[in-house]
Amino acid sequence: IQEINCKKLILSENQARENKGKEEKPNHSDPVMKEKQPIPIPPPPPPNGVVSERTAEPTLPDDLIVDILLRLPVKSLGKFKCVSKQWRRLITDPRFNSLHRELCSKNPSILMVKKYPLLREPHMRKCTTVDLCAFNFNGFRKNLEFSLYLDDDEKNIEMLPSKRGLVCFVSESGFYACNPSTQITTKLPEASCCTSGEVNAGMGYVAETDEYVLVHLFDRSLDIHVDYDIGCEVLRLRDGEDCSWKVVDANCPFVVRGWGVLVNNVFYWMIWDEYNELGDEAIVSFDLEKEEFGIVAPPEGCFDPHGAWSLVELGGRLCLVDNAARPSTMDIWVLTDSESRGWVKEYSIHMSAYSNDMLSFIAPLDYWNGKIVMDVKQESLDFYDVEEKKIERMDHLISGEWNWLRTYTESFFSFGSK
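Residue numbers (the numbering used here): 3 to 420.
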């Protein structure tokens with residue numbers, strides 16, 4: 003609908019030009035006009051052959067055009083920059099970029115991602131097709147549906163959690179970043195080799211510096227007598243700039259599990275270690291500004307290290323999710339103060355609508371408009387209303403089988419040359 007309105011705007015401008023031309027045409031039905039008219043002498047050409055848009059044709063006010071263009075997806079705006087110099091100037095204005103990003107952040111979409119092997123000859127290198135499709139929360143398909151291709155076996159490809167304009171894939175061949183809005187994918191610079199073969203990483207967006215940050219933890223131990231020697235490197239993605247890895251001095255003190263979660267410029271991972279007894283070591287943190295690791299204690303007296311605990315960011319806060327401590331219940335703890343063990347059990351969601359086998363496959367994705375968005379085994383997208391304390395099934399939002407579900411916002415972000 004938005005693109006149709008925009009096309010109507012283009013047609014209205016073209017119609018205005020035609021009407022102006024008709025007004026300037028002589029009326030040959032007038033007897034006076036039938037007399038032979040002198041041949042008009044064209045005005046001298048403008049310098050350098052450039053015609054000012056202000057004098058060449060009537061245009062709509064900038065404010066009106068901007069108000070319409072702000073409602074369009076990035077892919078369409080890329081095409082409409084070719085309509086006129088005026089439109090190109092408006093769309094490429096940094097203020098327009100900021101307004102568009104702010105509007106999109108209030109109306110996120112659901113990005114559905116599916117991977118499957120690309121059929122090739124047996125002697126050829128394995129390749130994977132990744133399909134991406136976006137819907138808004140009302141179930142309407144957006145103007146975003148495309149495929150990308152990664153040079154690796156489908157079984158080796160994973161997708162990092164993300165909520166903003168970029169998504170990140172990782173495989174044995176390296177890291178890949180993709181902007182679904184522009185449908186452009188780039189392979190990131192080669193990361194450090196991990197001797198254990200495991201991939202532990204995290205990606206997030208830092209609003210203060212307007213950049214995406216990718217953190218990679220890698221085991222560099224070559225001595226069988228050493229349990230682990232885990233290094234850390236950071237890659238910062240800025241709009242239109244090249245990027246490179248920076249290995250920091252600090253070492254990660256624990257083996258971690260799961261993907262890193264970014265909250266307030268700090269990444270968090272669950273510790274993956276042999277627990278002999280309950281202790282204070284549950285979560286490891288990495289401060290991006292100080293480039294230092296730390297330890298965050300779990301909720302006092304209730305943390306079971308063998309339970310199904312996971313980390314997620316909801317509404318800008320770090321949350322610890324427990325699906326197993328109580329039957330048919332999902333408890334969500336919110337970190338209020340990392341230094342004083344300030345955890346609060348913010349939500350207790352009754353999950354009786356799901357079978358016990360399903361509980362371990364249900365993961366909160368995001369907090370939006372007073373509701374917790376939950377991914378149910380990549381087959382359904384459900385909302386938990388925190389005020390009314392009830393679950394709303396949203397099966398109609400998803401059709402088919404998908405490997406990953408992510409919340410996503412439109413972005414003009416462009417990659418550097420490398």
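Even glycine gets a Cβ: it sits at the ideal position worked out from N, Cα and C.
Because the structure is a prediction, the values reported are computed rather than measured.
Beta-bridge partners of residue i, as assigned by DSSP
| i | result |
| --- | --- |
| residue 374 | 369 and 386 |
| residue 138 | 111 |
| residue 348 | In DSSP, residue 348 forms no bridge with anything. |
| residue 119 | 130 |
| residue 149 | 133 |
| residue 324 | 311 and 333 |
| residue 272 | 259 and 285 |
| residue 394 | 385 |
| residue 235 | 218 and 249 |
| residue 97 | Residue 97 pairs with nothing; no bridge assigned. |
| residue 181 | 186 |
Classification of residue i by the beta-carbon crowding that lies within 10 angstroms, buried from 16 upward
| i | result |
| --- | --- |
| residue 94 | exposed |
| residue 111 | buried |
| residue 166 | buried |
| residue 181 | buried |
| residue 350 | exposed |
| residue 38 | Note that residue 38 has pLDDT 49, beneath the 50 cutoff, so the model's placement of it is unreliable and no number is given. |
| residue 91 | exposed |
| residue 346 | exposed |
| residue 363 | exposed |
| residue 412 | buried |
| residue 253 | exposed |
| residue 138 | exposed |
| residue 62 | exposed |
| residue 204 | buried |
| residue 338 | exposed |
| residue 329 | exposed |
| residue 164 | buried |
| residue 117 | buried |
Start-to-end residues for the beta strand (DSSP E) that takes in residue i
| i | result |
| --- | --- |
| residue 334 | 331-339 |
| residue 285 | 285-289 |
| residue 311 | 311-316 |
| residue 71 | Counting along the chain, residue 71 falls outside any beta strand (DSSP E), though it belongs to the alpha helix (DSSP H) covering 64-71. |
| residue 298 | 294-298 |
| residue 61 | Here residue 61 belongs to no beta strand (DSSP E), and DSSP marks it neither H nor E. |
| residue 74 | No beta strand (DSSP E) contains residue 74, which DSSP labels as neither H nor E. |
| residue 203 | 202-208 |
Residue i - containing alpha helix (DSSP H), residue span
| i | result |
| --- | --- |
| residue 220 | Where residue 220 is concerned, there is no enclosing alpha helix (DSSP H), although the beta strand (DSSP E) it sits in stretches over 213-221. |
| residue 260 | Per DSSP, residue 260 belongs to no alpha helix (DSSP H); it is in the beta strand (DSSP E), 258-265. |
| residue 360 | 358-361 |
| residue 159 | Segment: none, residue 159 is in no alpha helix (DSSP H) and carries neither H nor E. |
| residue 248 | Unbroken run through residue 248 is the beta strand (DSSP E), 247-249; no alpha helix (DSSP H). |
| residue 166 | Here residue 166 belongs to no alpha helix (DSSP H), and DSSP marks it neither H nor E. |
| residue 89 | 87-93 |
| residue 83 | Neither: residue 83 is in no alpha helix (DSSP H) and is coded neither H nor E. |
Contacts around residue i, its chain only, beta-carbon distance under 8 Å, and the 5 residues preceding and following it disregarded
| i | result |
| --- | --- |
| residue 395 | 355, 382 and 384 |
| residue 372 | 387, 388 and 389 |
| residue 160 | 171, 172, 173 and 201 |
| residue 251 | 293 |
| residue 122 | 128 and 129 |
| residue 64 | 88 and 92 |
Cβ shell of residue i (< 7 Å), same chain only, five flanking positions each side left out
| i | result |
| --- | --- |
| residue 120 | 129, 130, 131 and 151 |
| residue 149 | 131, 132 and 133 |
| residue 79 | 71 and 93 |
| residue 68 | 92 and 98 |
| residue 274 | 257, 258 and 259 |
Neighbourhood of residue i by C-beta distance below 6 Å, restricted to the same chain and skipping five residues each side
| i | result |
| --- | --- |
| residue 32 | At residue 32 the pLDDT is 48, less than 50, meaning the model places this residue with poor confidence; the figure from the coordinates comes in the next sentence. Excluding sequence neighbours, residue 32 sits near nothing in its chain. |
| residue 296 | 287 |
| residue 196 | 220 and 221 |
| residue 218 | 193, 203 and 235 |
Short CB-CB distance (under 8 Å) between residue i and chain B
| i | result |
| --- | --- |
| residue 222 | Looking at the structure shown, chain B is missing, and only one protein chain is on hand. |
Check whether the region 111-121 and the region 83-90 touch, using three or more Cβ-Cβ pairs below 8 Å as the test.
no
Contact between the region 316-333 and the region 261-272: three or more CB pairs below 8 Å?
yes
The region 196-214 contacting the region 381-399, beta-carbon criterion three pairs below 8 Å:
no
Would you check if there are 3 or more beta carbon pairs closer than 8 Å linking the region 228-241 to the region 124-131?
no
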